[in-house]
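Numbering (our numbering), first residue to last: 38 to 202.
Ideal placement from N, C-alpha and C gives every residue a C-beta, glycine not left out.
The structure appears right after this line, and notes come after that.
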């Protein structure tokens, strides 16, 4: 009887450890926070640009749908990773813009993400954000995908999934 209880406890402990390890793997990468908002071009200007240097980003990785346009609607995404995402990882942003009801999809490379926290500014610029500074998306969903398409992390607005009536 005592051996049976001991064997049962061992198997329960092994199951617990397996669940804990699998949940740690699932949480290797997570969005700490996503802040959507309009950013004007002057936010990105640095003094070095007046002396002929190119655009520099200090603590943030800035990616835009149209590299030459700086005005736009940005998703400032702070991710936390226990290990750097493998090569080929990317952000996929789904947005319902205020001027059209269909979902638009945008993709950004996640190159530069490392161990610890990394901040990305993912910008819908140029023709990809026709709403201007006074417009906001109706709904959005941002996912970080592995090269094989597996979802590593996901964050979405409240309105992305409306409850069924």
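- Its Cα nearest to that of residue 69, the residue 192 stands out among 101, 146, 192.
- Around the beta-carbon of residue 177, 16 or more other beta-carbon atoms lie within 10 Å, marking it buried.
- Every beta strand (DSSP E) stretch that sits fully inside the segment 120-150 and reaches 3 residues is listed by chain position as 127-133, 140-146.
- For residue 153, the beta-bridge partners assigned by DSSP are 118.
- For the pair residue 128 and residue 147, the CB atoms are nearer than the 7 Å cut-off.
- A direct Cα-to-Cα measurement between residue 156 and residue 97 gives close to 5 Å.
- For residue 71, the enclosing beta strand (DSSP E) starts and ends at 66-76.
- Between residue 158 and residue 130, the CB-CB gap reaches or exceeds 7 Å.
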